[in-house]
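A.B. asks: I have a structure I would like to understand better, so I am pasting it below and will then ask my questions one at a time.
In my numbering, the protein residues as written are 39 to 350.
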């Protein structure tokens with residue numbers, strides 16, 4: 039079984055998973071973000087760690103727009119075209135050509151809410167609270183830009199995306215309808231486009247900004263696999279519980295700032311084995327989000343090799 043088959047087997051509910059695929063994700067140095075440098079660094083990391091898929095990091099952050107200061111300004115957000123995304127697309131093209139025969143290749147995708155937030159240094163949240171009908175113009179434009187990026191990646195042959203969503207975190211919006219009515223529709227616009235063409239997409243419920251009290255708003259999102267932090271409200275969900283409530287395989291098991299980032303080799307092996315003994319039948323070992331950039335590659339390789347050798 040090659041790496042592609044090992045990952046795609048996750049989607050076959052009736053298949054007994056004797057081999058546990060694994061992978062962890064980090065951001066590389068800015069000098070390795072785009073073009074051939076990105077191709078080389080992603081491949082170096084993929085080969086060294088022996089992970090089971092290639093996840094291309096998204097580094098084309100929407101630039102800050104100083105002319106967006108109030109909700110009424112969101113119509114001024116530029117529509118970013120192919121030229122803007124080309125450095126990122128060059129990395130995608132190179133990695134698909136080199137790695138797709140060997141492994142599933144997916145591209146990290148930030149949501150319209152996340153990208154528009156980058157363009158305003160976080161003002162979007164407050165603007166949605168003040169005047170959502172005006173602020174949503176920024177989400178519309180951001181989503182249109184990202185649709186272009188998604189379609190170009192699909193043309194290049196990617197297998198799917200690691201689609202990241204924010205906006206539904208604890209404390210972000212006191213009125214949850216702001217997320218449901220103004221943020222979620224643009225998530226679904228992008229993910230529905232992906233779902234029409236791609237075979238392997240990960241729904242990532244991102245807790246970078248804060249934790250979640252409720253995962254219910256995300257249960258109807260597309261995506262063949264779900265990746266999220268198991269800390270939800272006052273509960274610590276198991277991987278089996280997450281897989282059950284989402285009705286799809288779970289990717290996760292390790293905390294990004296936990297033992298894999300700072301533990302010894304023995305501690306990492308022990309923790310991975312503990313997680314795998316409790317894991318759902320269809321499971322991909324990973325962290326709850328991107329690892330700290332200074333995480334030892336050896337630590338990551340240790341976690342992955344432990345998963346590969348574990349007898350389930």
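Note that beta-carbon positions come from the ideal geometry of N, C-alpha and C, so glycine has one too.
Is DSSP giving residue 63 helix, strand or coil here?
C.D. replies: Of the three classes helix, strand and coil, the one that applies to residue 63 here is coil, per DSSP.
A.B. asks: Reducing DSSP to helix, strand and coil, say where residue 229 ends up.
C.D. replies: Reduced to three states, the DSSP call for residue 229 is helix.
A.B. asks: Quick check on residue 89: does DSSP put it in helix, strand or coil?
C.D. replies: Reduced to three states, the DSSP call for residue 89 is coil.
A.B. asks: With respect to the beta strand (DSSP E) encompassing residue 266, which residues constitute its N-terminal and C-terminal limits?
C.D. replies: Taken as a continuous stretch (DSSP letters only), the beta strand (DSSP E) holding residue 266 covers 263-266.
A.B. asks: Please list the segments of the beta strand (DSSP E) lying wholly inside the stretch 190-250, counting only runs of 3 or more residues, in order along the chain.
C.D. replies: Entirely contained in the stretch 190-250, the beta strand (DSSP E) runs reaching 3 residues are, in chain order, 198-203 and 240-243.
A.B. asks: Between the C-alpha atoms of residue 281 and residue 189, what's the straight-line distance to the nearest angstrom?
C.D. replies: Answer to the nearest angstrom: the Cα atoms are 29 Å apart.
A.B. asks: Have a look at residue 309 and residue 128 and give me their C-alpha separation to the nearest angstrom.
C.D. replies: If you take the alpha carbons of residue 309 and residue 128, they lie about 38 Å apart.
A.B. asks: Between the beta-carbon of residue 238 and the beta-carbon of residue 214, is there less than 8 Å?
C.D. replies: Result no, Cβ atoms of residue 238 and residue 214 do not sit closer than 8 Å.
A.B. asks: Looking only at C-alpha atoms, which of 124, 106, 336 and 93 sits nearest to residue 160?
C.D. replies: Measuring from the Cα of residue 160, the nearest candidate turns out to be 106.
A.B. asks: By how many angstroms is the C-alpha of residue 112 removed from the C-alpha of residue 296?
C.D. replies: Using only the alpha carbons, I get a separation of about 39 Å.
A.B. asks: Determine whether the beta carbon atoms of residue 48 and residue 322 lie at a separation below 8 Å.
C.D. replies: Yes, Cβ-Cβ distance for residue 48 and residue 322 is below 8 Å.
A.B. asks: Name, in chain order, the residues that DSSP records as bridge partners for residue 323.
C.D. replies: Answer is 60 and 290, bridged to residue 323.
A.B. asks: Could you check if residue 229 is buried or exposed, using at least 16 other CB atoms within 10 Å of its CB as the buried criterion?
C.D. replies: Burial call: buried.
A.B. asks: So what does residue 355 bridge to, in DSSP terms?
C.D. replies: For residue 355 there is no data in the structure shown, the boundaries of the chain being 39 and 350.
A.B. asks: Identify every residue that forms a DSSP beta bridge with residue 147.
C.D. replies: 201, per the DSSP bridge assignment.
A.B. asks: Applying the 10 Å Cβ sphere with the 16-neighbour rule, what's the burial state of residue 336?
C.D. replies: Result: exposed.
A.B. asks: Assuming residue 300 is part of the alpha helix (DSSP H), what are its boundary residues?
C.D. replies: Residue 300 -> alpha helix (DSSP H) spans 297-300.
A.B. asks: Tell me, which residues are paired with residue 94 by DSSP?
C.D. replies: Residue 94 pairs with 145.
A.B. asks: Look at the alpha carbon of residue 201 and the alpha carbon of residue 305, and state the distance between them as a whole number of angstroms.
C.D. replies: Residue 201 and residue 305: Cα-Cα distance of roughly 31 Å.
A.B. asks: Taking C-beta to C-beta, are residue 92 and residue 84 nearer than 8 Å?
C.D. replies: Going by C-beta atoms, residue 92 is nearer than 8 Å to residue 84.
A.B. asks: Going straight from the alpha carbon of residue 121 to that of residue 344, what length do you get?
C.D. replies: Computed Cα separation, rounded: 42 Å.
A.B. asks: Give the straight-line distance between the Cα atoms of residue 72 and residue 138, rounded to the nearest whole angstrom.
C.D. replies: So the two alpha carbons sit approximately 18 Å from each other.
A.B. asks: Which residue comes first and which comes last in the alpha helix (DSSP H) that contains residue 47?
C.D. replies: Unbroken run through residue 47: none, as it is neither H nor E.
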